[in-house]
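Residue numbers for the sequence shown follow this note's numbering, beginning at 32 and rising by one.
All C-beta atoms, glycine included, are put in the ideal place defined by N, C-alpha and C.
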Amino acid sequence: MSAPHAPGSGAHLVARSVRVQIDGTEILSGVDLDVRAGEVVALVGPNGAGKSTLLATLAGDIAPTCGTVELDGRPVHDWAVRALARERAVLLQKQGLAFGFHVEDVVRMGRAPWHRTPRQDADDEVVTAALLRADVASLAERLFPTLSGGEQARASFARILAQETPVLLLDEPTAALDIRHQEALLTACRELADTGCAVVVVLHDLTLAAAYSHRICLLASGRVRADGPPATVLTAALLSEVYEHPVEVLDHPHGPVVVPVRHDHLSAAPRSLRAEEVS
Ligand code: ADP
Ligand code: MG
Numbered sequence: 032m033s034a035p036h037a038p039g040s041g042a043h044l045v046a047r048s049v050r051v052q053i054d055g056t057e058i059l060s061g062v063d064l065d066v067r068a069g070e071v072v073a074l075v076g077p078n079g080a081g082k083s084t085l086l087a088t089l090a091g092d093i094a095p096t097c098g099t100v101e102l103d104g105r106p107v108h109d110w111a112v113r114a115l116a117r118e119r120a121v122l123l124q125k126q127g128l129a130f131g132f133h134v135e136d137v138v139r140m141g142r143a144p145w146h147r148t149p150r151q152d153a154d155d156e157v158v159t160a161a162l163l164r165a166d167v168a169s170l171a172e173r174l175f176p177t178l179s180g181g182e183q184a185r186a187s188f189a190r191i192l193a194q195e196t197p198v199l200l201l202d203e204p205t206a207a208l209d210i211r212h213q214e215a216l217l218t219a220c221r222e223l224a225d226t227g228c229a230v231v232v233v234l235h236d237l238t239l240a241a242a243y244s245h246r247i248c249l250l251a252s253g254r255v256r257a258d259g260p261p262a263t264v265l266t267a268a269l270l271s272e273v274y275e276h277p278v279e280v281l282d283h284p285h286g287p288v289v290v291p292v293r294h295d296h297l298s299a300a301p302r303s304l305r306a307e308e309v310s
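This is the structure:
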C-alpha cells in the first residue's frame, strides 16, 4: 500500500487542556497530548478512564467543553468533513453491524473520501491490499454480520487501511483478536508509522502496548497520569495504583511485561492432573 503522505510532510495532532463534560459530568479534565508523524501512541487506562472519549475528541467527533484539538495546526472542528476523512481514520470500539454488506463493500467504504479525486483510480488496488493486510481476503464475499467478532474487527481494520489517511485513531482494535492477529495488526501500525503516519491506539494489554508503541499515555479518571516511553510509564507502583490491582513488571528484551499478581492457589496443579488421581 502506498504511503499516504510524502516522508517528512506528516501529520501532527495536538490536544491542549482538553476538558469534556457530558450532561454535567466531567469525563476529561485538562488533557494534553501530542501525537507526531512516525509515532505509535498507546492510550491505556482502566475501564471508564476516558480513553474512548479522548479518542473521539481527537477525531473531532466530540467537541471539547474547553481546550483545543488541532490537526496540522488547524482546529479539528474547522476541517471540512471530507477533508478530515482524508486526514484521519477512526476505528470505533463499538462496530455498526453493516447489515446487507459484504466484507469487500465494508472495506470499499473506506475509499469514499477519495471519490472524484485522482486517488480514486487506485481504489481496487488499495482495497485488495487492505483485505490481504488485515487477513480478510478469504472472507471478502461473506456478509459482514455473519463474521465472528475477531473477523469483524479485522474487516473493520481493513476499512481503516483502505482509507489511506496519515492519522489513524483505533479504539481497542485488538480486543477480539487472537495472538497472531494482535501481533499482525500492531505490526501494521508500526509499519504505517514508519511511512510517516501518526497512530493512536487504545489497548488494554499493557505488554502489547509496551512492545509496539513509541509512547504510552496512561489515563485515569479523565486525566493523563503519565505519558512517555513504555519503560518509564509502566512501573509496578503506578500501575498497581491506577488499576487498583497489584501488578509486577518484568524485564524482557522486547519491553516490559506486565503481570497481575495472582493468588498462590493458581500455581497448584488442577485436581484432575494430580498424580494420585491420574493412576
Ligand atoms: P474508556 O474508553 O476509558 O473505558 P469512556 O471514554 O468510554 O471510557 O468513558 C469515560 C466515562 O465517561 C465512563 O464513566 C462513561 O460511563 C462516561 N461516559 C462516556 N460517555 C458518556 C455519555 N454520553 N453520557 C454519560 N456518561 C458518559
Ligand atoms: Mg473505551
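- In the DSSP annotation of this structure, the continuous segment of the alpha helix (DSSP H) that includes residue 139 starts and ends at 134–140.
- DSSP, reduced to helix, strand and coil, places residue 212 within a helical segment of the structure shown.
- Straight through space, the alpha carbons of residue 245 and residue 205 are spaced by roughly 17 Å.
- In the three-state DSSP reduction, residue 53 falls in the strand class (E or B).
- The DSSP-derived three-state label of residue 277 is coil.
- Those residues whose C-beta sits under 6 Å from the nearest heavy atom of the ligand ADP are, from N- to C-terminal order along the chain, 53, 54, 56, 58, 76, 78, 79, 80, 81, 82, 83 and 84.
- A direct Cα-to-Cα measurement between residue 160 and residue 56 gives close to 43 Å.
- Exclusion of residue 107 from the 7 Å shell around the ligand MG follows from its C-beta lying no nearer than that to any non-hydrogen atom of the ligand.
- Remark: C-beta atoms of residue 197 and residue 111 do not approach each other more closely than 8 Å.
- For residue 65, the closest of 209, 194, 103 and 52 by C-alpha to C-alpha distance is 103.
- Secondary structure at residue 180: helix, using DSSP grouped into helix, strand and coil.
- For residue 152, the secondary structure class from DSSP, reduced to helix, strand or coil, is helix.
- With contacts defined as CB atoms closer than 8 Å, residue 163 and residue 133 fail to qualify as a contacting pair.
- In terms of Cα proximity to residue 47, the closest of 83, 76, 105 and 73 is 105.
- Considering only 190, 264, 212 and 208, the residue with the shortest C-alpha distance to residue 200 is 190.
- Distance from the CA atom of residue 253 to the CA atom of residue 80, rounded to whole angstroms, is 5 Å.
- For the options 143, 91, 263 and 108, the alpha carbon positioned closest to that of residue 282 is the one of 263.
- Residue 191 carries a helical assignment under DSSP once its states are collapsed to helix, strand and coil.
- Per the C-alpha coordinates, the member of 92, 118 and 97 positioned closest to residue 108 is 92.
- Relative to the ligand MG, residue 233 has its C-beta within less than 7 Å of a heavy atom.
- Non-local C-beta neighbours of residue 128 in its own chain, meaning closer than 6 Å and more than five positions away in sequence, comprise 176, ordered along the chain.
- The three-state secondary structure of residue 60, taken from DSSP, is strand.
- Restricting attention to 73, 74 and 49, the CA atom closest to the CA of residue 62 is found in 49.
- Closest in alpha carbon position to residue 140, among 130, 166, 158 and 73, is 158.
- Judged by DSSP in its simplified three-state form, residue 108 adopts helix.
- Residue 220 carries a helical assignment under DSSP once its states are collapsed to helix, strand and coil.
- Here residue 116 has 143, 144, 194 and 196 as same chain residues with Cβ atoms under 8 Å from its own Cβ, once five neighbours each way along the sequence are excluded.
- Residue pairing by DSSP places residue 99 opposite 47 in a beta bridge.
- Counting along the chain, residue 249 sits inside the beta strand (DSSP E) bounded by residues 246–251.
- Residue environment: residue 97 is assigned as exposed (fewer than 16 neighbouring CB atoms within 10 Å of its CB, all protein chains considered).
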